[in-house]
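Structure record follows, encoded as structure tokens.
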Amino acid sequence: MLNWLNFNLFQASLSPLNLQLDEEVLSMEHIREIHSQLKELSSKIDEQQSSVAMILAAGHGKRIKSEKSKMLHAIWGVPTVTRVTNAARDGLQTNNLIIVVGIKALEVARAIGKAEGRVFEHQAEQRGTGDAVRVGLQGLPSPDYRGAVYVFPGDMGLLNREAVRDFRKDFEKNPCDMIVLTADYQGDPAQNYYGRILRVPAQDVEDRPSGNDHGKVIEIREHRDILAMSPDKPYRVEYNHRVYSFSRDELLELREFNTGVYAFRAQPLRRYIETLQTDNAQGELYVTDLISIFNKNGLTVRASRAKDPSAALGFNNKSVLKEMEKIARDKAYERLKDIIMLTDKDDFFIADEVIDQIIEMDKTSAPLDIEIGKGVHLGPNVKLSKGVIIKSRARLEGNVVLGENVKIHENVNLSTYAHQTLSIGRNSEILQGDIVKGNLTIGENCRIESSVNMTGADEFPTRIGNNVLIKGTSYIFGTIIEDDVWIEHSVLKCKHVERTVRKDGTVQPIKYVLPLPEGLDSLHSLEKK
Numbered sequence: 022m023l024n025w026l027n028f029n030l031f032q033a034s035l036s037p038l039n040l041q042l043d044e045e046v047l048s049m050e051h052i053r054e055i056h057s058q059l060k061e062l063s064s065k066i067d068e069q070q071s072s073v074a075m076i077l078a079a080g081h082g083k084r085i086k087s088e089k090s091k092m093l094h095a096i097w098g099v100p101t102v103t104r105v106t107n108a109a110r111d112g113l114q115t116n117n118l119i120i121v122v123g124i125k126a127l128e129v130a131r132a133i134g135k136a137e138g139r140v141f142e143h144q145a146e147q148r149g150t151g152d153a154v155r156v157g158l159q160g161l162p163s164p165d166y167r168g169a170v171y172v173f174p175g176d177m178g179l180l181n182r183e184a185v186r187d188f189r190k191d192f193e194k195n196p197c198d199m200i201v202l203t204a205d206y207q208g209d210p211a212q213n214y215y216g217r218i219l220r221v222p223a224q225d226v227e228d229r230p231s232g233n234d235h236g237k238v239i240e241i242r243e244h245r246d247i248l249a250m251s252p253d254k255p256y257r258v259e260y261n262h263r264v265y266s267f268s269r270d271e272l273l274e275l276r277e278f279n280t281g282v283y284a285f286r287a288q289p290l291r292r293y294i295e296t297l298q299t300d301n302a303q304g305e306l307y308v309t310d311l312i313s314i315f316n317k318n319g320l321t322v323r324a325s326r327a328k329d330p331s332a333a334l335g336f337n338n339k340s341v342l343k344e345m346e347k348i349a350r351d352k353a354y355e356r357l358k359d360i361i362m363l364t365d366k367d368d369f370f371i372a373d374e375v376i377d378q379i380i381e382m383d384k385t386s387a388p389l390d391i392e393i394g395k396g397v398h399l400g401p402n403v404k405l406s407k408g409v410i411i412k413s414r415a416r417l418e419g420n421v422v423l424g425e426n427v428k429i430h431e432n433v434n435l436s437t438y439a440h441q442t443l444s445i446g447r448n449s450e451i452l453q454g455d456i457v458k459g460n461l462t463i464g465e466n467c468r469i470e471s472s473v474n475m476t477g478a479d480e481f482p483t484r485i486g487n488n489v490l491i492k493g494t495s496y497i498f499g500t501i502i503e504d505d506v507w508i509e510h511s512v513l514k515c516k517h518v519e520r521t522v523r524k525d526g527t528v529q530p531i532k533y534v535l536p537l538p539e540g541l542d543s544l545h546s547l548e549k550k
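When the letters of the sequence shown are read in order and numbered with this note's numbering, they come out as residues 22 to 550.
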């Protein structure tokens, strides 16, 4: 759970889009090239579906201090914009996704990738969230679309399908023209840099009760605009033909803040997005201004509070990104802590796909007796089985399949390319520091001792039988090894090692098989004769 006492660590992480408006000068030729490539990555929105998700991913983020786009910084192994895209797709149950890209547009778009119902739109100049939404609406093929448009910041890397689903259900069950997702700030008000939710107070400026309007959303006031106010001059705002007043201090003390997630009815959104003005401290087009515009035009605006405020966090700097990573790790630990043994709850990485796999295994094959050591890294395509033990600092990445009771020792590295599979049979053991990679199969009851490296290629896969022992400083490449063989201190490249039984019934071991040396004429002794 998020420690709200330390919530000031998340300062400046949740503006409406959390974007720093960087300068990126583009020539018209460059813009045309970007548009051409984005068109190739785009498909088409299905207007028969009742909703569209719009992901605002145009900003780069100066304060993150990185050449890499903020949208591509990973949280728990996945780029933040990809996490938002997946959460929106799954939570809304729609393939309709409009992604607004800007700075480093093609890098961001390629990272998200092409898919059915996915459209990329380019915001060439970052002029604020309102302009980004206006650009995104160009992704709708018809101006007559009458579904719902959901808007998400691309840096909310802790957003999940459950939070999106709850927001969608609230919008569907309590009809309105616009709804904003909010959360309550629990830290020091002086550290609250987020846009405040202004609700109708109990009385207007003439001390008349606000009646049924009490608590309704008036508008969102950005933190910078509040700071720009005079301390002696109250802020007055009209709602339903009544005037309400807020002092600068009252606004700063408000705890309900804007997460940057919205839902709109498409038609009024289209109509009023063009009326946004830049009369604010930043000189930008704020999508938040649509609240007051909708209210003034008799449309209905509501707010929905997030059940899990951490799901609404975004980031602008490295310290906040690190804290979000910690929250993701804590959530992963909570999901696994009573199913498998995790040696260090603060130092491990298990991809979401593997966590889901473990939870499913627990439903059908419990107890699992899986142990994961400190600093272990398990990538998204790793497959585990009952009784697997993976010791500290081991790293498994790619299509790695472990049979029952396999033991992976400290600092072992197992990896494959995307199209390859590395499979290890039951009761086998890979000892400390070994590197095993590629198109490779290890049978059952094998022992691969320390100082062994093995590789399997597409053309020359490595296949190791059952009950094989490999020890000493050895390297195996593209080799087939039959059952029961003992290999020691050998370099085997593209060989077939047969199971040869000696007269005494034992299997012939393979020892000290080394390739002929090359380049001896380049070696000279430094010892004096």
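All C-beta atoms, glycine included, are put in the ideal place defined by N, C-alpha and C. Remember, predicted model here, so these are calculated numbers, not experimental data.
- Spanning the alpha carbons of Leu62 and His56 requires a straight line of approximately 10 Å.
- Beta-bridge partners assigned by DSSP to Met75: Ile119 and Val172.
- From the listed residues Ile247, Arg182 and Val422, the smallest Cα separation to Pro210 is found for Ile247.
- If you check the CB distance, Asn474 and Gln453 do not come in under 8 Å.
- Secondary structure in the segment 305-366: the alpha helix (DSSP H) runs of 4 residues or longer, each lying completely within the stretch, are 310-317 and 339-357 in chain order.
- Under the DSSP assignment, Asn279 falls in the beta strand (DSSP E) whose first and last residues are Glu277 to Arg286.
- Across the structure, Thr527 and Thr494 are spaced so that their CA atoms are roughly 23 Å apart.
- Residue environment: Ala387 is assigned as exposed (fewer than 16 neighbouring CB atoms within 10 Å of its CB, all protein chains considered).
- Secondary structure note for Leu443: its beta strand (DSSP E) is the uninterrupted segment Leu443 to Ile445.
- Selection Lys328, Ala169 and Glu519 evaluated against Ser71 yields Ala169 as nearest (Cα-Cα).
- In this structure the segment 208-223 does not touch the segment 129-146; the number of beta carbon pairs closer than 8 Å is below three.
- When only Cα atoms are considered, Lys60 and Asp234 end up about 46 Å apart.
- Where Thr483 is concerned, the enclosing beta strand (DSSP E) starts and stops at Thr483 to Ile485.
- Excluding its 5 nearest sequence neighbours in each direction, Tyr260 has C-beta neighbours in its own chain below 8 Å: Val221, Asp234, Lys237, Ile239 and Asn316, listed in chain order.
- In the DSSP secondary-structure assignment, Trp507 is bridged to Leu490.
- Shown here, Ile391 sits in coil according to DSSP, grouped into three states, outside any helix or strand.
- Only exposed fits Gln298, as fewer than 16 other CB atoms lie within 10 angstroms of its CB.
- Per DSSP, Glu240 is not a residue of any alpha helix (DSSP H); the beta strand (DSSP E) it occupies stretches across Val238 to Arg242.
- Listed in chain order, the non-local C-beta contacts of Ser436 below 7 Å within the same chain comprise Glu418, Gly419 and Lys458, local neighbours out to five positions each way being set aside.
- DSSP, read as helix, strand or coil, puts Asp191 in helix.
- In this structure Ala353 is buried. Its beta-carbon is surrounded by 16 or more other beta-carbon atoms within 10 angstroms.
- Boundaries of the alpha helix (DSSP H) harbouring Ile133: Ala126 to Ile133, taken from the DSSP string.
- In this chain, Arg104 is not harboured by any beta strand (DSSP E); it is covered by the alpha helix (DSSP H) spanning Thr101 to Leu113.
- Beta-bridge partners assigned by DSSP to Leu435: Leu417 and Val457.
- For His440 against Lys412, the beta-carbon gap comes to about 28 Å, at or over 8 Å, which does not count as contact.
- Beta-bridge analysis with DSSP links Leu423 to Ile445.
- For Leu490, the closest alpha carbon among the candidates Asp505, Phe498 and Asp373 is that of Asp505.
- The continuous beta strand (DSSP E) containing Glu259 extends over residues Tyr256 to Tyr260.
- Around the Cβ of Asn181, a 10 Å sphere holds 16 or more other Cβ atoms; the residue is buried.
- Judged by DSSP in its simplified three-state form, Lys412 adopts coil rather than helix or strand.
- Non-local beta-carbon contacts of Asp351 in its own chain, meaning distances under 7 Å to residues more than five positions away in sequence, are absent.
- 8 Å or more divides the Cβ of Pro252 from the Cβ of Arg263.
- Ranking Asp165, Met250 and Phe192 by CA distance to the CA of Val172 puts Phe192 first.
- DSSP places Pro210 within a helical segment (H, G or I) once states are collapsed to three.
- With 16 or more other Cβ atoms from the protein chains shown falling within 10 Å of its own Cβ, Ile451 counts as buried.
- Between the segment 122-134 and the segment 88-101 there are three or more C-beta pairs closer than 8 Å, enough to call the two in contact.
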